[in-house]
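S.K.:
Numbering (the numbering used here), first residue to last: 9 to 226.
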């Protein structure tokens, strides 16, 4: 497949890039920094993206924190505006299938700013009318980041214990390996059934346990 990927230097995007290249996909990365790995790279800010090359799938793994961004406005510029800008560029390149990582609890009406921005981005993507839209909402992401996030590092250490306490509707908040989210997105990229799909923890696990497209489970 020909893939467009935004966020290829991040925790999930980097794993999508490596796994996708290993699977033989042709990947064009889009972002402010080069990855040095992709089949081709478009190095650009998201407020003025050039025309993107044709592709079958677009995957968006953009994301930051308010602390890392420096302000609520800067956070919104990445987690909502840059996401929507990339989606619009993908749509203009006739991409019909868009996949995005947001977060559990995303809701445009949420009282928490972080969740409200994630939800607003989702809502705008739905309104763009992709033939298929996959929204992946992981809980705590496990994996080695390049930047320091002390609170998240603490949560990662206690995740095995807290996960066991999360049942019922709270299961969606369970931690998940960033590599599993990346593999899930590549698995979903091969699913062409039209519609808008939202995936939480159990959905991610089901995709990982499903046989690859074209194969039948024994």
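The beta carbon of each residue, even a glycine, is placed where N, CA and C say it ideally should be. Remember, it's a predicted structure, so these values are computed and weren't measured experimentally.
(1) Within a Cβ cutoff of 8 Å, which residues of the same chain sit near residue 133, ignoring the five residues on either side of it in sequence?
(2) Report yes or no: do the stretch 193-212 and the stretch 22-38 share at least 3 C-beta pairs separated by less than 8 Å?
(3) Using the rule of at least 16 other Cβ atoms within 10 Å of the residue's Cβ for burial, across every protein chain shown, is residue 33 buried or exposed?
(4) What is the DSSP secondary structure of residue 10, reduced to helix, strand or coil?
(5) With DSSP as the reference, label residue 190 as helix, strand or coil.
(6) Between 100, 71, 148 and 207, which has its C-alpha nearest residue 184's C-alpha?
(7) Just to confirm my understanding: we take residue 190, look at its own chain, exclude 5 residues before and 5 after, and list those with CB closer than 6 Å. What are they?
(8) By Cβ distance, which residues of its chain are closer than 8 Å to residue 117, with the 5 residues on each side in sequence left out?
(9) For residue 130, count the other beta carbons within 10 Å of its own beta carbon; 16 or more makes it buried, fewer makes it exposed. Which is it?
(10) At the level of alpha carbons, what is the spacing between residue 55 and residue 43?
(11) For a quick check, are the C-beta atoms of residue 120 and residue 145 less than 8 Å apart?
(12) On the three-state DSSP scale, how would you describe residue 149?
(13) Which one of 100, 63 and 87 has the shortest CA to CA distance from residue 10?
(14) For residue 88, does the count of other Cβ atoms within 10 angstroms reach 16, so buried, or fall short, so exposed?
(15) Decide if the stretch 199-215 is in contact with the stretch 36-52; the criterion is three or more beta carbon pairs, one per stretch, under 8 Å apart.
(16) Ends of the beta strand (DSSP E) at residue 141?
(17) Quick one: what does DSSP say residue 106 is sitting in, helix, strand or coil?
(18) Reducing DSSP to helix, strand and coil, say where residue 39 ends up.
(19) By DSSP's criteria, residue 206 is part of a beta bridge. Which residues make up the other side?
(20) Using the Cα positions of residue 204 and residue 76, report the straight-line distance between them to the nearest angstrom.
M.R.: Result, derived from the coordinates:
(1) The count along the chain shown starts at 1 and reaches residue 133 at position 125. Taken in chain order, the residues that qualify are 91, 92, 95, 106, 108, 141 and 143.
(2) Yes: the two stretches touch, three or more of their Cβ pairs being nearer than 8 Å.
(3) Numbered from 1 along the chain shown, position 25 holds the residue referred to as residue 33. Taking all protein chains shown into account, residue 33 has 16 or more neighbouring C-beta atoms within 10 Å of its C-beta and is therefore buried.
(4) As a position in the chain shown, residue 10 is number 2, starting the count at 1. Looking at residue 10 - three-state DSSP - the assignment turns out to be strand.
(5) Residue 190 sits at position 182 when you count from the first residue of the chain shown. DSSP places residue 190 in helix when its eight states are reduced to three.
(6) Against the chain shown, residue 184 aligns to sequence position 176. Out of 100, 71, 148 and 207, the CA that lies nearest to the CA of residue 184 is found in 148.
(7) Here residue 190 corresponds to residue number 182 of the chain shown, with the count starting at 1. Hits under 6 Å: 20, 23, 24 and 27.
(8) As a working mapping, residue 117 is identified with position 109 in the chain shown. So the qualifying residues of the chain are 124 and 127.
(9) Walking along the chain shown from the start, residue 130 turns up at place 122. Burial call: buried.
(10) Taking the chain shown and counting its residues from 1, one reaches residue 55 at position 47. Taking the chain shown and counting its residues from 1, one reaches residue 43 at position 35. One C-alpha to the other measures close to 20 Å.
(11) Indexing the chain shown from 1 puts residue 120 at position 112. Indexing the chain shown from 1 puts residue 145 at position 137. Taking a C-beta distance under 8 Å as the contact criterion, residue 120 and residue 145 do not qualify as a contact pair.
(12) For the purposes of this step, residue 149 is taken as residue 141 along the chain shown, with counting starting at 1. Strand, per DSSP.
(13) Along the chain shown, read from residue 1 onward, the residue named residue 10 stands at position 2. Check the Cα spacing between residue 10 and each of 100, 63 and 87: the tightest is with 63.
(14) Along the chain shown, read from residue 1 onward, the residue named residue 88 stands at position 80. Classification of residue 88: buried, given that the 10 Å Cβ count is 16 or more.
(15) With a cut-off of 8 Å on Cβ pairs, the stretch 199-215 is not in contact with the stretch 36-52, counting fewer than three such pairs.
(16) Here residue 141 refers to the residue found at position 133 when the chain shown is read from its first residue. For residue 141, the enclosing beta strand (DSSP E) covers residues 140-144.
(17) Position 98 of the chain shown holds residue 106. Residue 106 carries a strand assignment under DSSP once its states are collapsed to helix, strand and coil.
(18) For the purposes of this step, residue 39 is taken as residue 31 along the chain shown, with counting starting at 1. The answer is strand: DSSP assigns residue 39 an E or B state.
(19) The count along the chain shown starts at 1 and reaches residue 206 at position 198. In DSSP, residue 206 forms a bridge with 143.
(20) Position 196 of the chain shown, counting from 1, holds the residue named residue 204. Position 68 of the chain shown, counting from 1, holds the residue named residue 76. Distance between the alpha carbons of residue 204 and residue 76: 30 Å.
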